[in-house]
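Visitor: Residues 1289 to 1558 in this note's numbering are what the sequence shown lists, from first letter to last.
We treat Cβ as the ideally placed atom computed from N, Cα and C, and that holds for glycine.
Keep in mind that this is a model prediction, so the values were computed, not measured.
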Amino acid sequence: MNIHFFCPMWGLAHLNIKDMLLRIKKAGYDGIEFGFPLNSKLKNEFLEHTKKLSLKIIAQQYDASGNTFNEYKQSLKENLYYLATFKPLFINSQTGKDFYSFEQNSELINLAQKIELETGISIVHETHRGKFPFCINTTVEYISAFPGIRFTADFSHFCNVSESYLQDQQDSLQIIIKHAHHIHARIGHPQGPQITDPRLIEWQEAVSFHLQWWDSIVRYHRSIHSKLLTITPEFGPAPYMFMLRTTQTPVASQWHINLHMMQLLKNRYN
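What follows is the structure, given as structure tokens:
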């Protein structure tokens, strides 16, 4: 099984497209996980340079919005169809709301499945606080209703929502692991979705828990002879990255932390 690593566009969008993609290529990533607003003028330039550099792409849907459910549904529909035109490996979607009913979120999942069939582009749903798979028990309920559903495993959110390292939910977590299609290698803790720096000794308990979960995903995909598993080290910039109060500078480099995570996992799995 091949494991490919993707760099998040998050935190790099201030760079011009060519420089950003060259930096990603030189750092050893296999591709980029990106999100662009509808009808972005940068689309053609982005596709041109990713092709030249042989960088694979994962599209990210995160900004569907609306004051009503129907407005949100229409926004999600437009976003998913638009991102499918990039012809990515798949679309990673932050889908639904934690306060929508089970029936409403199910309607959105059905919409995604319809678009997936029409476009031929797979759509996976990110485990994310505020979205429909915001906690473990709720996510398992959706798996029961949609046995073929697939997720981007960002378990940092589960830690934050449950205020734990999920010690008492391992059986349910194993169910979700078997539906994990993509990994966001960000490390959360009981009081937040992102630790300050995974290289620090005080955070090694958090690192250890997440590595165990990712190990389980890798083992499962090897057991079913998957050809490819994708991982995005996804530590984010401020406000996720802590800032020094006096200077407003980050306490660590997002870029170097994500490089550290990529190398750590390359050594561990390859």
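Quickly, what does DSSP pair Lys1344 with across the bridge? List them, please.
Guide: In DSSP, Lys1344 forms a bridge with Gly1319.
Visitor: Give the single residue among Glu1359, His1467, Pro1435 whose Cα lies nearest to the Cα of Phe1443.
Guide: Of the candidates Glu1359, His1467, Pro1435, the one whose C-alpha sits nearest the C-alpha of Phe1443 is His1467.
Visitor: If I'm right that Tyr1528 touches Phe1497 with Cβ under 8 angstroms, what's the distance once you round it to whole angstroms?
Guide: No, Tyr1528 and Phe1497 are not in contact; Cβ-Cβ is about 19 angstroms, not under 8 angstroms.
Visitor: Following the continuous beta strand (DSSP E) through Cys1295, name the residue where it begins and the one where it ends.
Guide: That run of the beta strand (DSSP E) goes 1290 to 1296.
Visitor: Ile1431 to Ser1410, Cα distance in whole Å?
Guide: Whole-angstrom Cα-Cα distance: 17 angstroms.
Visitor: Beta-carbon separation of Ala1473 and Ile1483 under 8 angstroms?
Guide: No, Cβ-Cβ distance for Ala1473 and Ile1483 is not below 8 angstroms.
Visitor: Can you tell which of Lys1306, Leu1396, Pro1521 has the C-alpha that lies nearest to the C-alpha of Tyr1360?
Guide: If we check each option's Cα against that of Tyr1360, Leu1396 comes out closest.
Visitor: If you follow the beta strand (DSSP E) that His1477 is in, where does it begin and where does it stop?
Guide: From DSSP, His1477 is part of no beta strand (DSSP E); its letter is neither H nor E.
Visitor: In or out: Gln1382 buried (at least 16 other Cβ within 10 Å) or exposed?
Guide: With 16 or more other Cβ atoms within 10 Å, it is buried.
Visitor: Where does the unbroken beta strand (DSSP E) through Ile1409 begin, and where does it stop?
Guide: Note, Ile1409: premise wrong, no beta strand (DSSP E); not H, not E.
Visitor: Cα separation between Glu1391 and Val1449?
Guide: Spanning the two alpha carbons is a distance of roughly 22 angstroms.
Visitor: With a cut-off of 8 angstroms on the beta carbons, I'd call Trp1501 and Leu1461 a contact; round off their distance for me.
Guide: Contact holds; Cβ gap of about 7 angstroms.
Visitor: Check whether the Cβ atoms of His1292 and Asp1318 lie closer than 8 angstroms to each other.
Guide: Cβ atoms of His1292 and Asp1318: closer than 8 angstroms.
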